[in-house]
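One structure is given here, and the rest of the page talks about it.
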């Protein structure tokens, strides 16, 4: 009985202690105040109120004080907010200094900081400063700064306002003025900042790829013409472009037949027997014209020509197995003309487009070195349809 009473008393005491600790912790949580976060929150609200009241002196004081509250853990103002306020109170030197310090280390530090709560500070600043845009830019040019600094501050001011929904400031206009600034002041302290942040312009990559399917007409000459009918091809092609050079990789398959019976060492191929002309090709072209409507590229290369019976005929006539003109070295030269299909873009070099390609090639196979009576050349004209794509990269 005494043991039971003892256990009961211990249980009551333990439970009471636990409830007491819980109430104490709850009270601590409810009364906890994050003075740093609260100072930042109320400081931003006061800054916004004084900004709306047009009190530049008070905003200047708040900016200076609240900067002292910022540390490795807490962010008070985002750079855009701070810089626009500096513009408003004419503290241009602080903008220039901050911009020069704005690098990857600055950004990494900012990413690790606790951000201020979402509010309307930036929105209200942009709305008001956009209305005062011309006035502020005029004040910049009336300051005692250097011409390089003035031009940069005006450009950067527009950049900070670019997200505002107005057609007067667009990324295209920023790119134009950025390029002009970089040209006029090539060794400016703000060169890297303009290139990395303000100018957001993409240029075509040096590399491009294209594919094509084609058909057309192929013509033999000399002894080849006496033995084989002209052929109608079907084929595929792939292009690899680098700057103005183009590597053409093509697979030409021509459909033809014999004109008459042909006597070979190991047999005779019958008249009107089916023939396939295989012409794998690798050639190198150079663009001499490339505008928004078409491009022209002469080319030279090496191919390999094979004129063979079909598998169907080989199965039907076993002797055909050894009476074909096997692959022989073939020299190739010609001209490519691509008509671009979607040239609405006014730029001369679109990153991608469809095309219709007209291609002429003169091919000189070397059959006469291996087979008597089969000297001759091979011309073809093909028309194909395809697409070209060139990657793009940010202009540095």
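Numbering (the working numbering), first residue to last: 249 to 644.
Beta carbons: idealized from backbone N, C-alpha and C, even for Gly.
For residue 530, DSSP records a beta bridge to 497, 550.
Here the alpha carbon of residue 320 sits roughly 14 Å from the alpha carbon of residue 288. Residue state for residue 364 is assigned as coil, using DSSP reduced to three classes.
By the criterion of at least three beta-carbon pairs nearer than 8 Å, the region 496-505 is in contact with the region 518-530. With respect to the 8 Å criterion, residue 388 and residue 401 are classified as neighbours on the basis of their beta carbons.
Rounded to the nearest whole angstrom, the CA to CA distance from residue 438 to residue 428 is 13 Å. The continuous stretches of alpha helix (DSSP H) do not include residue 629, which lies in the beta strand (DSSP E) extending over residues 626-642. The region 602-611 makes no contact with the region 430-447, as fewer than three CB pairs between them are under 8 Å. Taken in chain order, the whole beta strand (DSSP E) runs of length 3 or more contained in the region 440-482 are 450-468. Closest option to residue 541, judged by alpha-carbon separation, among 585, 549, 519: 585. Residue pairing by DSSP places residue 543 opposite 538, 586 in a beta bridge. Across the structure, residue 291 and residue 638 are spaced so that their CA atoms are roughly 51 Å apart. With contacts defined as CB atoms closer than 8 Å, residue 314 and residue 324 qualify as a contacting pair. Per DSSP, residue 603 is one residue of the beta strand (DSSP E) stretching across 600-613. Fully enclosed alpha helix (DSSP H) runs of no fewer than 4 residues occupy 352-360, 369-379, 381-389 of the region 347-392, in order along the chain.
Pairing residue 623 with residue 470 gives a Cβ-Cβ distance under 8 Å.
Burial is judged here by how many other beta carbons sit within 10 angstroms of a residue's own beta carbon; residue 578 has at least 16 and is buried.
Pairing residue 461 with residue 599, the inter-Cα distance amounts to about 20 Å. When the beta-carbon positions are compared, residue 557 and residue 522 come within less than 8 Å of each other. Relative to the Cα of residue 362, the nearest Cα in the group 574, 286, 488 belongs to 286. Counting other Cβ atoms within 10 Å of its Cβ, residue 547 reaches 16 or more and is therefore classed as buried. Under the three-state reduction of DSSP, residue 523 is assigned to strand. CA-CA distance, residue 640 to residue 451, rounds to 5 Å. Between residue 611 and residue 626 the beta-carbon gap is near 4 Å, inside 8 Å, which marks them as a contact. Per DSSP, residue 617 is not a residue of any alpha helix (DSSP H), being assigned neither H nor E. For residue 334, the enclosing alpha helix (DSSP H) starts and ends at 327-336. In the structure shown, the three-state DSSP call for residue 565 is coil. Using a Cβ distance threshold of 8 Å, residue 607 and residue 582 count as a contacting pair. Distance between residue 440 and residue 575, taken at the CA atoms: about 57 Å. Following the DSSP letters along the chain, one finds residue 405 inside the alpha helix (DSSP H) bounded by residues 395-409.
For residue 288, DSSP assigns no beta-bridge partner whatsoever. DSSP, reduced to helix, strand and coil, places residue 295 within a helical segment of the structure shown. Per DSSP, the beta-bridge partners of residue 504 are 523. The three-state reading of DSSP puts residue 622 in coil, since its state is none of H, G, I, E or B.
In the DSSP secondary-structure assignment, residue 484 is bridged to 461, 499. A straight-line Cα-Cα distance of about 25 Å links residue 590 and residue 423.
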